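Chemist: Here's a structure for you.
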Amino acid sequence: MSQSLPVVSIVDDDPSFLKAVSRLLHAAGYAVRTFSSAGEFLAQTTDTPGCLVADLHMPGLSGLDLQTALAQDPQAPPVIFLTGQGDIATTVRAMRQGAEDFLTKDAPKAILLKAVERALDRDARQRAERVRLQELRGRFDALTPREREVLQHVVLGRLNKQIASNLGVSERMVKLHRTAITTKVQVRSVAELTRLVQDAGLFEENTPTFPGGFQVRR
Amino acid sequence: MNWITIAWPMVAAACLTLGLIELRIGLARPADAARLLFSVSAFATATVCGIELAIMQADSPDQVKALLRWGDIGVGVMIASLTAFIWVYFRSGNKWLALAGPGLYAAGVIFDFLPPRRSLTYLQITGLRTVETFGGASYRVAEGVPNPLNVLPYLGALMLLVFVVDASLRLARRGARRRALVVGGSVAFWVLAAIAHSALIESGIVQMPYLFSVSYLVILLAMTYELTTDVSAAARLGRELQESERRMDLAGAAAGLGMWSLDLTSDEVWATAKTRSLLGFAETESLNQARLMGAVHLEDRDAVRVAFETSLRNGRDFDVEHRVQIPGGETRWIAARGRVERDSGRRPILMRGVVLDISAQRRSQLDLQQLQGQLAHTSRVSMMGQLASALAHELNQPLGAILRNAEAAELFLQHDPPDLDELRPILADIRADDQRARDVIERLRALLKRRSIEPRALAVADLLGNIAMLTRADAAARRVTLEIESGSGLPQVMGDWVHLQQVLLNLVLNAMDAIDESPGNSRQIAVRARYSGGREVEVAVSDSGHGILPEKLGIIFEPFFTTKENGMGIGLSISRTIIEAHGGRIWAENSHSEGATFRFTLPAAVESLSS
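Chains as they are written, first to last, in our numbering: chain A, 174 to 391; chain B, 10 to 620.
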């Protein structure tokens with residue numbers, strides 16, 4: 174998890190509204206940064222934790238355009254849309270693209286602050302999750318190619334004898350590999366190992382085929 | 010008493026009678042000066058007639074000599090007055106020939122009165138002879154030695170002959186053949202007869218009395234013929250005039266026209282019954298300029314007076330519409346037209362004109378204006394409806410900002426200790442946003458109000474800026490870039506804020522629709538104001554849409570023409586009504602690159618031109 178404080182970024186073309194919202198969030202105790210257009214926001218590259226509060230209707234890049242642009246970025250912050258008037262079509266599109274929330278400009282403070290809080294939580298969770306996965310992948314990266322082969326069989330629930338005959342090694346050899354795996358990945362049970370393999374998204378890229386092209390038989 | 014003493018006085022009487030008639034006509038009408046000249050010749054002839062009679066009855070050569078002398082003067086007056094008569098009556102002839110006849114004659118007559126006071130005709134009269142003639146009548150003729158100087162009056166008479174023939178030919182060539190033949194012919198005949206006959210007498214070849222007056226009868230006949238022709242022509246003209254007056258009465262009555270004329274020298278007014286009833290005067294009331302002016306409605310009087318005086322000054326037609334307050338309480342709208350007539354010195358002497366009741370037209374014009382005003386208002390309201398959601402956005406911005414600021418203030422107050430320093434700018438911002446919201450509402454309200462066109466000086470930049478404000482949100486929602494460009498140095502324009510906003514709004518909304526209908530193009534609208542000197546400012550609204558079909562360019566401003574599925578086709582026609590009511594023009598054209606451009610002009614406010 175990153176150490177820096179979360180920042181709420183606000184994008185609105187109306188300077189007066191921009192100032193008012195930033196003041197409110199500042200009074201509520203958040204660090205705030207303001208941008209007068211979507212382009213200005215996209216131009217900054219820092220990766221501080223936080224969330225984005227954006228006006229839906231803006232000249233040039235609109236709020237939805239901004240969301241579409243952010244969708245390319247896996248580290249994009251959650252977006253809360255503020256709008257003077259909301260129509261169903263825009264709302265649906267915004268939510269489908271993963272907007273955190275969709276509020277009218279006169280929504281009560283409590284709802285806005287709650288939405289910001291939720292968005293920041295989600296950002297924090299997403300960031301923590303990203304960090305955890307990175308660390309987990311690091312553990313799996315430490316495995317030797319042979320150990321990864323053995324791991325593949327293990328998570329499919331094969332017995333040591335089956336693995337040994339399949340790989341053409343002794344059963345003892347398989348046991349040694351399994352011990353090395355549990356040590357490196359720091360797990361105590363096969364069930365935990367299987368969950369971590371799934372979390373790390375291992376063996377997902379080219380579904381269940383063995384190296385060498387053999388079909389895995391369950 | 011015998012036939013001679015009867016015939017000559019009768020000839021004289023005839024000459025006197027016609028002479029008097031012609032004198033009367035000539036005096037009555039200055040244009041008929043020729044008739045005065047003719048009457049002079051007729052009176053001279055009557056005199057000559059008397060002299061001729063006296064010569065016939067003379068007792069001594071001395072008496073004849075004296076009578077011949079006066080006879081020469083009489084004939085001279087005849088020749089001179091006939092020359093002048095032909096000159097004036099025919100309005101043609103050679104000036105030198107005209108002067109030559111009387112001149113030569115006068116040169117001869119001088120010798121009658123110069124010492125040794127011999128007769129111009131005879132150097133010496135040797136005796137008198139009595140000639141017996143039929144009916145028991147007798148007359149005397151002189152015998153003597155002819156004077157060679159007598160050739161001068163003959164030459165003068167010949168010159169008159171040449172002049173008359175020449176003048177008659179000229180007149181005939183101009184088309185008045187009858188007059189040339191009758192009058193010219195008779196005068197020529199008289200001259201010829203007089204020359205030939207007196208030459209024969211004075212050379213002693215024949216022994217006859219002088220017949221100057223008798224042969225003049227031919228001219229008398231000719232002039233009588235002319236006179237009767239003129240009289241019957243006048244009678245016919247009189248009938249035609251009556252007929253044409255009746256026709257004019259009928260036309261006037263059918264068209265509801267009242268006719269009038271004002272004599273500017275005598276201040277007398279002639280007016281038909283219709284005129285009198287339209288202006289509220291009684292049938293028999295005598296009228297003058299002041300009374301006519303008194304009929305005009307008090308508020309219109311100055312305008313009418315100015316129009317009247319302008320017309321007298323510059324000679325243009327008097328053309329004015331004014332009200333008349335009829336004593337019964339009714340107010341009438343009258344259209345008055347008039348034309349000035351001037352004398353030869355260009356002084357106005359008469360104004361002739363018509364009046365027409367236009368109350369009905371005025372009423373329907375007012376109704377029409379009211380209807381147009383309602384239609385414009387309806388269309389404005391419907392346009393605001395189109396903009397409603399965008400305008401709600403425009404209002405929500407300041408309202409949202411106020412809410413957020415108030416909430417922030419609450420939070421700052423909850424801090425321990427309360428963060429009072431933050432409150433001052435927050436309150437200032439709340440106030441500013443409140444003003445902003447108020448402005449939006451005020452502008453909308455102004456646009457929704459029903460009102461007539463009240464032009465005043467407006468800054469073009471303000472007009473365009475307000476349109477940018479009204480359409481900004483809509484443009485953003487429709488992803489259209491709106492560019493406003495009003496260069497510096499633009500003069501103010503004379504116009505009505507609300508109505509011009511309506512026109513601009515209509516053009517910009519149309520432009521956005523055009524862009525929506527052509528998805529491939531870029532999405533841009535430019536509103537530009539331009540001033541290139543002169544009395545007009547031009548405003549152009551260009552879009553990047555699909556343009557206008559060339560065959561439709563002429564009719565897009567017609568009412569109920571529309572290319573939109575839900576369009577009523579009144580926006581542009583109302584825009585045209587509004588712009589034309591401002592004294593400007595509006596038209597459309599296709600841009601060179603893409604899309605269409607709508608342009609309109611507005612009169613520049615005069616005050617700002619000088620500054």
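From the three backbone atoms N, C-alpha and C, an ideal C-beta is built for every residue, glycine too. Computed from a prediction, not measured in an experiment: that's the story for all the values here.
According to the neighbour-count rule (16 or more other Cβ atoms, all chains shown, within 10 Å of its Cβ), is Pro-500(B) buried or exposed?
Modeler: The count along the second sequence starts at 1 and reaches residue 500(B) at position 491. Flag for Pro-500(B) reads buried.
Chemist: For the structure I just gave you, are there three or more beta carbon pairs, one from the segment 406-414 of chain B and one from the segment 424-443 of chain B, closer than 8 Å?
Modeler: Yes, since at least three Cβ pairs between the segment 406-414 of chain B and the segment 424-443 of chain B fall closer than 8 Å, the two stretches touch.
Chemist: Can you grab the Cα-Cα spacing for the pair Tyr-225(B) / Trp-269(B), in whole Å?
Modeler: For the purposes of this step, residue 225(B) is taken as the residue at position 216 of the second sequence. For the purposes of this step, residue 269(B) is taken as the residue at position 260 of the second sequence. If I take the Cα positions, the gap works out to 49 Å.
Chemist: Using 8 Å as the threshold, is the C-beta distance between Asp-326(B) and Gly-347(B) below it?
Modeler: Looking up residue 326(B) in the second sequence gives position 317. Looking up residue 347(B) in the second sequence gives position 338. Yes, they are a contact pair.
Chemist: For chain B, find out if any of its Cβ atoms is closer than 8 Å to the Cβ of Pro-232(A); answer yes or no.
Modeler: Here residue 232(A) refers to the residue found at position 59 when the first sequence is read from its first residue. Pro-232(A) counts as touching chain B.
Chemist: Which full runs of the beta strand (DSSP E) of 3+ residues lie inside the segment 464-521 of chain B, going along the chain?
Modeler: The qualifying runs are 465-467, 490-495, 502-504.
Chemist: Exposed or buried, which one is Arg-78(B) when buried takes at least 16 other CB atoms within 10 Å?
Modeler: Sequence index remark: in the second sequence, residue 78(B) carries index 69 (1-based). Counting Cβ neighbours within 10 Å, Arg-78(B) comes out buried, since at least 16 surround it.
Chemist: Would you say Leu-225(A) reaches chain B, if we count a Cβ-Cβ gap shorter than 8 Å as a contact?
Modeler: Stepping through the first sequence from its first residue, residue 225(A) is reached at position 52. Not an interface residue.
Chemist: Rounded to a whole number of angstroms, what is the C-alpha to C-alpha distance between Ala-115(B) and Lys-74(B)?
Modeler: Working through the second sequence from its first residue, we reach residue 115(B) at position 106. Working through the second sequence from its first residue, we reach residue 74(B) at position 65. Near 18 Å, if we compare the C-alpha coordinates of Lys-74(B) and Ala-115(B).
Chemist: With a cut-off of 8 Å on the beta carbons, I'd call Asp-483(B) and Leu-396(B) a contact; round off their distance for me.
Modeler: Within the second sequence, the letter at position 474 stands for residue 483(B). Within the second sequence, the letter at position 387 stands for residue 396(B). Confirmed, about 6 Å.
Chemist: Listing by chain order, which chain B residues have their CB less than 8 Å from the CB of Ser-189(A)?
Modeler: Counting from 1 along the first sequence, the entry for residue 189(A) is found at position 16. Here the neighbours are Gln-406, Pro-407, Ala-410, Asp-438, Ala-441, Asp-442, Arg-445.
Chemist: I'd like to know whether the C-beta of Leu-237(A) is nearer than 8 Å to at least one C-beta of chain B.
Modeler: For the purposes of this step, residue 237(A) is identified with residue 64 of the first sequence, where counting begins at 1. Answer no: the Cβ-Cβ gap between Leu-237(A) and chain B never drops below 8 Å.
Chemist: If you measure from the beta carbon of Leu-276(A) to each beta carbon in chain B, is any gap under 8 Å?
Modeler: Mapped onto the first sequence, residue 276(A) falls at position 103. Taking Cβ atoms only, chain B never reaches closer than 8 Å to Leu-276(A), which makes this a no.
Chemist: I'd like the list of long-range same chain contacts for Val-196(B), defined as Cβ closer than 7 Å, with 5 residues on each side in sequence excluded.
Modeler: In the second sequence, the residue the question calls residue 196(B) occupies position 187. So the qualifying residues of the chain are Leu-91, Ile-95, Val-173, Ile-228.
Chemist: Between Ser-368(B) and Arg-341(B), how many whole angstroms is the CB-CB distance? I'm expecting something under 8 Å.
Modeler: Here residue 368(B) corresponds to residue number 359 of the second sequence, with the count starting at 1. Here residue 341(B) corresponds to residue number 332 of the second sequence, with the count starting at 1. Rounded, the Cβ-Cβ distance is 5 Å, consistent with contact.
Chemist: How is Leu-296(B) classed by DSSP in three states: helix, strand or coil?
Modeler: Here residue 296(B) refers to the residue found at position 287 when the second sequence is read from its first residue. Three-state result, Leu-296(B): coil.
Chemist: What does a CB cutoff of less than 7 Å around Ser-175(A) pick up in its chain, not counting 5 residues either side in sequence?
Modeler: For the purposes of this step, residue 175(A) is identified with residue 2 of the first sequence, where counting begins at 1. Low local confidence applies: a pLDDT of 44 at Ser-175(A) is under 50, so the model's placement there is unreliable, with the coordinate-based value given in what follows. Closer than 7 Å at Cβ, skipping near neighbours: Pro-222, Arg-300.
Chemist: Shorter than 8 Å from the beta carbon of His-508(B) to some beta carbon of chain A?
Modeler: Residue 508(B) sits at position 499 when you count from the first residue of the second sequence. False, the Cβ-Cβ gap to chain A never drops below 8 Å.
Chemist: Closer than 7 Å between beta carbons: that is the criterion. Which residues of the segment 192-209 of chain A meet it against chain B?
Modeler: So the close ones are Lys-192, Ala-193, Val-194, Arg-196, Leu-197, Ala-200, Ala-201.
Chemist: Of the choices Glu-526(B), Arg-322(B), Ala-520(B), Lys-573(B), whose alpha-carbon is the least far from that of Val-550(B)?
Modeler: Counted from its first residue, the second sequence places residue 550(B) at position 541. Of the listed residues, the one whose Cα sits closest to Val-550(B) is Ala-520(B).
Chemist: What does DSSP give as the partner residues of Arg-206(A) in its beta bridges?
Modeler: Here residue 206(A) refers to the residue found at position 33 of the first sequence. DSSP output for Arg-206(A) lists Ser-182(A) as bridge partner(s).
Chemist: Helix, strand or coil: how does DSSP classify Pro-426(B) here?
Modeler: The residue you call residue 426(B) lines up with position 417 of the second sequence. The answer is coil: DSSP assigns Pro-426(B) none of H, G, I, E or B.
Chemist: Report all residues from its chain with a CB closer than 7 Å to the CB of Ser-495(B); omit the five preceding and five following residues, and keep chain order.
Modeler: Here residue 495(B) is taken as the residue at index 486 of the second sequence, counted from 1. Same-chain partners within the cutoff: Val-469, Ala-470, Leu-473, Ala-538.
Chemist: Please confirm if the segment 39-49 of chain B is in contact with the segment 122-129 of chain B, defined as three or more CB-CB distances below 8 Å between the two stretches.
Modeler: No, the segment 39-49 of chain B is not in contact with the segment 122-129 of chain B.
Chemist: Cα separation between Phe-190(A) and Gln-406(B)?
Modeler: The residue you call residue 190(A) lines up with position 17 of the first sequence. The residue you call residue 406(B) lines up with position 397 of the second sequence. In a straight line, the C-alpha of Phe-190(A) is about 6 Å away from that of Gln-406(B).
Chemist: Check whether chain B comes within 8 Å of Lys-287(A), counting only Cβ atoms and requiring the distance to be less than that.
Modeler: If you number the first sequence from 1, residue 287(A) lands on position 114. False, the Cβ-Cβ gap to chain B never drops below 8 Å.
Chemist: Please compile the residues from chain A whose C-beta is within a distance smaller than 9 Å of the C-beta of Asn-475(B).
Modeler: As a working note, residue 475(B) is residue 466 in the second sequence. The contacting residues do not exist; Asn-475(B) stays about 18 Å from chain A at best.
Chemist: Given Asp-276(B), which residues of its chain have a CB within under 6 Å of its CB, disregarding the five upstream and five downstream residues?
Modeler: Position 267 of the second sequence, counted from the start, is the residue given in the question as residue 276(B). So the qualifying residues of the chain are Asn-297, Gln-298.
Chemist: Against chain B, with Cβ distances strictly below 8 Å, would Arg-391(A) count as a contact?
Modeler: As a position in the first sequence, residue 391(A) is number 218, starting the count at 1. Bear in mind that the predicted position of Arg-391(A) carries a pLDDT of just 38, short of 50, making it unreliable; the figure below should be weighed with that in mind. No, because no Cβ of chain B sits closer than 8 Å to the Cβ of Arg-391(A).
Chemist: If we ignore side chains and look at the alpha-carbon of each, how far apart do Met-583(B) and Pro-612(B) end up?
Modeler: What you label residue 583(B) is simply residue 574 of the second sequence in a count that begins at 1. What you label residue 612(B) is simply residue 603 of the second sequence in a count that begins at 1. The sequence shown places Ile at residue 583(B), not Met. Approximately 19 Å, taken between the alpha carbons.
Chemist: Where does Thr-26(B) sit, in a helix, a strand or coil, going by DSSP?
Modeler: Your numbering for residue 26(B) matches position 17 in the second sequence. Thr-26(B) falls in the helix class under three-state DSSP.
Chemist: Which partner residues of Met-302(B) appear in the DSSP bridge assignment?
Modeler: Here the question's residue 302(B) lines up with position 293 in the second sequence. None, per the DSSP bridge assignment.
Chemist: Can you list the residues of chain B that Gly-212(A) reaches, using a CB-CB cut of under 8 Å?
Modeler: On the first sequence, residue 212(A) is found 39 positions in, with the first residue counted as 1. Within chain B, no residue comes near Gly-212(A); the closest Cβ sits about 14 Å away, beyond 8 Å.
Chemist: Is Leu-359(B) helix, strand or coil when you go by DSSP?
Modeler: The residue given as residue 359(B) occupies position 350 in the second sequence. Correct three-state label for Leu-359(B): strand.
Chemist: Taking its Cβ as the centre, do 16 or more other Cβ atoms sit within 10 Å of Glu-235(B), making it buried, or is it exposed?
Modeler: Locating residue 235(B) in the second sequence gives position 226, where the first residue counts as 1. Looking at its Cβ environment, which holds 16 or more other Cβ atoms inside 10 Å, Glu-235(B) is buried.
Chemist: Note the first and the last residue of the continuous alpha helix (DSSP H) segment covering Phe-120(B).
Modeler: One-based indexing of the second sequence puts residue 120(B) at position 111. Element bounds for Phe-120(B): 104-122.
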